[in-house]
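If you count the sequence shown from 1, you need to add 682 to reach the working numbering.
The beta carbon of each residue, even a glycine, is placed where N, CA and C say it ideally should be.
One structure is given below, encoded as structure tokens.
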Amino acid sequence: MTLMKISNEGKKNQFPVFDTWFDQLFDFPASIDRVGRMGNFRTTLPAVNIKEDEKSFQLEVAAPGFSKEDFKISYDHEQLTISSEKKEESVSEEKVTRREFSYQAFKRSFYLPQEMIDVDGISAQYKDGILQVVLPKKQEPSKETKQIQIL
Numbered sequence: 683m684t685l686m687k688i689s690n691e692g693k694k695n696q697f698p699v700f701d702t703w704f705d706q707l708f709d710f711p712a713s714i715d716r717v718g719r720m721g722n723f724r725t726t727l728p729a730v731n732i733k734e735d736e737k738s739f740q741l742e743v744a745a746p747g748f749s750k751e752d753f754k755i756s757y758d759h760e761q762l763t764i765s766s767e768k769k770e771e772s773v774s775e776e777k778v779t780r781r782e783f784s785y786q787a788f789k790r791s792f793y794l795p796q797e798m799i800d801v802d803g804i805s806a807q808y809k810d811g812i813l814q815v816v817l818p819k820k821q822e823p824s825k826e827t828k829q830i831q832i833l
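Take a look at the structure:
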């Protein structure tokens, strides 16, 4: 199971035009992902599952080791943004022989048209390393034909 997306550090892309096209098509956060592809920075992004049923969209963000206070979620101009910045505890008193994980800041954005989402009903919870964001769909007007009785 992969919990983090890792960009290819230092890998040069021969077709940057396709990157832009794919970013727009799949709504990748260009500001974060592009930095990792372009140069010397290694960028990690938490894995996200997106589900849909008749009543809502659900986003599940795999982010173990955080607390709910570490997350910020906002919806502005048809864009849902999930970000987190966790400060690492100082380990100056301990001698670390090997460090295989660390916490990094991240920011993911998703385009969600306002006409589809009930913005006031958006909710989130963090449990067992998974941040779940529920975005209720707006109720469509009934499409049934209603017969009107003449009095």
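{"Item": "Using DSSP bridges, identify the partner residues of V730.", "Value": "V743"}
{"Item": "Express the C-alpha separation of K825 and T763 in angstroms, rounding to a whole number.", "Value": "33 Å"}
{"Item": "Helix, strand or coil for K768? Go by DSSP, reduced to three states.", "Value": "coil"}
{"Item": "Pick from Y808, S749, F753, F748: whose alpha carbon is nearest that of K789?", "Value": "F753"}
{"Item": "Would S766 pass as a contact of A744 if the rule is Cβ separation under 9 Å?", "Value": "no"}
{"Item": "Do D802 and L817 have their CB atoms nearer than 9 Å?", "Value": "no"}
{"Item": "Beta-carbon within less than 7 Å of E760's beta-carbon, same chain only, minus the 5 sequence neighbours each way: which residues are those?", "Value": "Y793, L794, P795, Q796"}
{"Item": "In three-state DSSP terms, what is V801?", "Value": "helix"}
{"Item": "Between the beta-carbon of L741 and the beta-carbon of K733, is there less than 9 Å?", "Value": "yes"}
{"Item": "Provide the residue(s) that pair with L817 in DSSP beta bridges, ordered along the chain.", "Value": "F739"}
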